[in-house]
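S.K.: So the protein sequences, as listed, match chains A and B. Residues 1 to 473, numbered by the UniProt record's numbering, are exactly what the first sequence covers, in order. Residues 1 to 473, numbered by the UniProt record's numbering, are exactly what the second sequence covers, in order. I have a structure I would like to understand better, so I am pasting it below and will then ask my questions one at a time.
2 protein chains.
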Amino acid sequence: MSKLTVDEVVAGLRDIVGPRGLLLGDDMAAYEQGARYGQGRALCVLRPDSLTQVQAVARWCAEHGVKLVPQGANTGLVGASTPDASGNQVVLSTSRLRGVCEIDVENRSVRVDAGITLQELNERLEPHGLWFPIDLGANPTVGGMIAANTGGTRLIRYGDVRHNLLALQAVLLEPPGEVLEMGRALRKDNTGPDLKHLFVGSSGASAILTQATLEVHVRPAQSATALVVPTSDAAVLQLLLALERELGDFLSAFEGLSGHAMQAAIDHVPDLRNPFAPEPAPDFAILIELEASGTRTYTGLDLQEALNLFLQDQFEQTIENAVIGNGRELWHLRHSISEGARALGQPIAFDVSVPRSRLMAFCRAARALVAAEFPFLHVVDFGHIADGGVHFNVIWRHDAGRPYDAATVQALRDRIYAMVMDDYGGSYSAEHGVGPHNITYYRRYASPTARRLARGLRDLVDPKQLCGSVDFG
Amino acid sequence: MSKLTVDEVVAGLRDIVGPRGLLLGDDMAAYEQGARYGQGRALCVLRPDSLTQVQAVARWCAEHGVKLVPQGANTGLVGASTPDASGNQVVLSTSRLRGVCEIDVENRSVRVDAGITLQELNERLEPHGLWFPIDLGANPTVGGMIAANTGGTRLIRYGDVRHNLLALQAVLLEPPGEVLEMGRALRKDNTGPDLKHLFVGSSGASAILTQATLEVHVRPAQSATALVVPTSDAAVLQLLLALERELGDFLSAFEGLSGHAMQAAIDHVPDLRNPFAPEPAPDFAILIELEASGTRTYTGLDLQEALNLFLQDQFEQTIENAVIGNGRELWHLRHSISEGARALGQPIAFDVSVPRSRLMAFCRAARALVAAEFPFLHVVDFGHIADGGVHFNVIWRHDAGRPYDAATVQALRDRIYAMVMDDYGGSYSAEHGVGPHNITYYRRYASPTARRLARGLRDLVDPKQLCGSVDFG
């Protein structure tokens, strides 16, 4: 730990980043407050505007034992990018690392500084008919997306960030300020251990991510959507397999929406209507999206028509109802679930995954568990059936009849995660990563050997444990 | 190093694997001879038939300081799976680790023992309409594919092995015989550092890979092929971009074949004919393959017709000739190039990659380099344009007018790799990995920090450097 006073740390770091690059007091508020949960207190917030400044900050912090928490757009949900309550951690915001965004259209790749956001990246790519198709309910930075290995709703087609990462640049704490370049703008490169994977999903631990080269994709020229009601749990996977067999080249989303989830959104999000009106929302529905890179010119393919024909054949086999088309409206319903759930009360979020072959069974068992053991809680589950991810969110409603209490929440978390991990071969953090909010479960479920390796890796690049808000050792 | 005699090592290991599991003398020949290059001498060859036996072997070797070289089907091209000439290395063949091949059709995944071959895996998957679509000119084991991170001709559509690896099991040398389970049968799982990536592309160093869970894919119901002649180098990338824009959902291969490469195959492979006959083979051609998971039922799509229409529109813009259809014949030409090249003389293989935007320029510059500095050598280049990989192979022809000499080959390798690495931002090993045959270039081009990390990683799981034939430290 640092033996310097707060004033000495501030003075030392201000010398590096200049007065514009250092925030104090009320200016730090947005950097101290987690996107949805958690609040900390920073010693100061740094906003370096060059790699050289980041290197100098890393060197200075390594020399003086000052802790750094890298932060992108601070949109994460596990507290990994916010400082703790000690007031001893320096937030290193990448928000001014935005100078480089070099698009290589022919290579379908982009070299981009860590502080550029997903939305801005896609705005830059659009004139070239390209996009970075990770679809999320937030606008993170590229660095944050790598640190969290974000997945999102279109993973089944495009993969997660790791699948699209060609190269990565990081600044290490050991050797202090050293720049490590990992990979090049190449799709095939097998020249020893691929070190960049050590920093994907790192939650900002051990190194400061400063630049990446990403593979980007052709922006679709056509899409098709439908919201369908399956005839049974078993029918859901039959439908998915049939869809992958017949139209798998185009499948970009296969999202499950529980009745509770749809109802929460419909009841509480003003401009949203029930797509099944005048009938009530069903117990479960699936949002299907297809995308095609090309127009009809050479294929003659009308994607929506193909989907409609397919769904007609599925009627009475796997589906009993369907709302066709109007992708914007259907996605608006899907993306409004979180807002609707929050309106009901205090969400207790479970971002879990299981093998998709067991997803419907898991959801049913987990709902039964909540009904039996926590009958005053309300399940609002939705998720990504095709990739096995589910946001099994539970709401402590305003009208639950008893006040929110942390011990009950803890007991619920322990029960659900145990079911996911022990009974369903799943993951307690599918796409939000690990941070202070769920590090307990990392410590519970990571094997001693895995932790020994993680500790060894950390000791190689950050032996004093100065970087990040989580310790995987 | 071991202080035991050869007989003591053999006796100790025979106690573990039994007489059927240990080979000596002439029975070792196939395990000592590299697939294309190199020959070593093993102390003995072990063929354990269970995880428990592998663990016991690892423990015994760790205790006695005996070196192990894991070997799959021994099809690699960089010498990573063959023993050195010392006679002190024990080959650990995974050929009897074949008991597990559990297909989860609904999860589109398979848990498979390391010793199962690609061909056998695909035979098991076929009845379910699935496949593991890494397309190679060999039949490696699953373990070997992971250790080499194989890519192949369809990478642009399906990715490499790393992209399809959900979980991995390895036996470590430290703690001796410890089984490390990394990941589960999940597509979304972000729970700390993803350690399995440390062992992908490891060339068998540091740990013995014993089992994996792979994502598998829907076997295509339709495919379409064409062999086209571009109007210019610039047209090649224009054609690729147009194809990705219009028919990118289906693009599975976009392979470049130089005139020399086609001619070598046509001249020397008996059952092969020139698809351009009666005209001679052109200076350069591109093998295009499209695949669709579905039939025409819902899309109305005839894939070959779509490709033909597309190519019609490209005439005089980017292409000047095309041979349509007959995929089997066109792929036979593509896959016969290596055989044809070997018939000409001694191949000097360059498995390199560059950003695909620079691939045509690189090939032209590299051909010019050979013509200027090594005019007695003959270039037979072909490759994977869409992923930037190229087999820039050079032949020391029987009629070169001077005998093959190692110093000249070394000079050529240094020159070509320097061009790839320094001038074109490329890789000196795109898909064959690193082994004794090219470790020199790892030592030349890996940064000191990257090597320090690799050394640190190795020390965590194999501190005595007992496992594998390469040392990345």
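All C-beta atoms in this analysis are idealised placements derived from N, C-alpha and C, irrespective of residue type, glycine included. All figures in this text were calculated on a predicted structure; none of them were measured in a lab.
Name the residue from A/Q238, A/G159, A/V380 whose alpha carbon lies nearest to the alpha carbon of A/F132.
M.R.: Minimum Cα distance to A/F132 is reached at A/G159.
S.K.: Check whether the Cβ atoms of B/C467 and B/K3 sit closer than 9 Å, and answer yes or no.
M.R.: no
S.K.: Just confirm the distance between the C-beta atoms of A/H432 and A/A148, as a whole number of angstroms; I'd bet it's less than 8 Å.
M.R.: Yes, A/H432 and A/A148 are in contact; Cβ-Cβ is about 7 Å, under 8 Å.
S.K.: Where does A/D160 sit, in a helix, a strand or coil, going by DSSP?
M.R.: coil
S.K.: Within the continuous alpha helix (DSSP H) that includes B/L412, where are the two ends?
M.R.: First-last of the alpha helix (DSSP H) with B/L412: 406 to 418.
S.K.: Tell me the DSSP secondary structure of A/A371 in three-state form.
M.R.: helix
S.K.: For B/I225 versus B/E289, is the C-beta distance shorter than 9 Å?
M.R.: The question names Ile, but residue 225 of chain B is Thr in the sequence shown. Cβ distance < 9 Å, so B/T225 and B/E289 count as in contact.
S.K.: Quick check on this structure: which residue in B/R397, B/P347, B/T117, B/R184 has the alpha carbon closest to the alpha carbon of B/A167?
M.R.: B/R184
S.K.: Count the other CB atoms within 10 Å of the CB of B/R444; is the residue buried (16 or more) or exposed (fewer)?
M.R.: exposed
S.K.: Spatial neighbours of B/S223 within its chain, please: C-beta separation below 7 Å, excluding the five flanking residues on both sides.
M.R.: E289, L290, E291, L303, G327
S.K.: Hey, A/A365 and A/M419 are a contact pair by Cβ (cut 8 Å); roughly how many whole angstroms apart?
M.R.: 7 Å
S.K.: Using the rule of at least 16 other Cβ atoms within 10 Å of the residue's Cβ for burial, across every protein chain shown, is B/Q71 buried or exposed?
M.R.: buried
S.K.: Going along the chain, which residues of its own chain have a beta-carbon closer than 6 Å to the beta-carbon of A/V323, five neighbours each way excluded?
M.R.: L227, P275
S.K.: What did DSSP end up calling A/S202 once you bin it into helix, strand or coil?
M.R.: coil
S.K.: Which partner residues does A/D381 have in the DSSP bridge list?
M.R.: A/F392
S.K.: Have a look at A/R59, A/D462, A/N393 and flag the residue whose alpha-carbon is nearest the alpha-carbon of A/S258.
M.R.: A/N393
S.K.: Using a Cβ-Cβ cutoff of 8 Å, what residues of the region 399 to 433 of chain A are near chain B? List them in chain order.
M.R.: G425, G426, S427, Y428, S429, A430, E431, H432, G433
S.K.: For the region 150 to 163 of chain A, which residues have a CB atom closer than 8 Å to at least one CB atom of chain B, in sequence order?
M.R.: Identification of residues in the region 150 to 163 of chain A having a C-beta nearer than 8 Å to some C-beta of chain B yields G151, L155, I156, G159, D160, R162, H163, given in sequence order.
S.K.: Write down the C-beta distance between B/A454 and A/G473 rounded to the nearest angstrom, noting that I regard them as a contact closer than 8 Å.
M.R.: The pair is not a contact, with the Cβ atoms about 19 Å apart (cut-off 8 Å).
S.K.: Check B/V236 in the structure and name its three-state DSSP category.
M.R.: helix
S.K.: Label B/D351 either buried or exposed according to how many other C-beta atoms from any shown protein chain fall within 10 Å of its C-beta, with 16 as the threshold for buried.
M.R.: buried
S.K.: Is B/P230 helix, strand or coil when you go by DSSP?
M.R.: Reduced to three states, the DSSP call for B/P230 is strand.
S.K.: I need the DSSP call for A/F362, collapsed to helix, strand or coil.
M.R.: Here A/F362 sits in helix by DSSP.
S.K.: Cβ of A/E244 less than 9 Å from any chain B Cβ?
M.R.: At a cut-off of 9 Å between C-beta atoms, A/E244 counts as an interface residue with respect to chain B.
S.K.: Where does A/A185 fall in DSSP's three states?
M.R.: coil
S.K.: In chain A, which residues lie less than 7 Å from B/R197 when you measure between Cβ atoms?
M.R.: A quick correction: the sequence has His, not Arg, at residue 197 of chain B. In chain order: D194, H197.
S.K.: Determine the DSSP secondary structure at A/L309, reduced to helix, strand or coil.
M.R.: helix
S.K.: Could you tell me the alpha carbon to alpha carbon distance between A/E178 and A/I208, rounded to whole angstroms?
M.R.: 10 Å
S.K.: List, in chain order, every chain A residue whose beta-carbon is nearer than 7 Å to that of B/F310.
M.R.: Y298
S.K.: Indicate whether at least one CB of chain B lies closer than 9 Å to the CB of A/A292.
M.R.: yes
S.K.: Are the beta-carbon atoms of A/P175 and B/T449 separated by less than 9 Å?
M.R.: yes
S.K.: Nearest to B/V470 by CA position, among B/H64, B/S81, B/V45, is which residue?
M.R.: B/S81
S.K.: Tell me which residue opens and which closes the beta strand (DSSP E) that residue 502 of chain B is part of.
M.R.: Absent from the model: residue 502 of chain B. The displayed extent of chain B is 1 to 473, so no value can be given.
S.K.: Going along the chain, which residues of its own chain have a beta-carbon closer than 6 Å to the beta-carbon of A/G409, five neighbours each way excluded?
M.R.: Before going further, note that residue 409 of chain A is Val rather than Gly in the sequence given. The residues are I348.
S.K.: For the region 2 to 19 of chain A against the region 108 to 121 of chain A, are there 3 or more C-beta pairs whose distance is under 8 Å?
M.R.: no
S.K.: Beta carbon of B/V390, beta carbon of B/I337: below 9 Å?
M.R.: Judged by beta-carbon spacing, B/I337 lies beyond the 9 Å limit of B/V390, meaning their Cβ atoms are not closer than that value.
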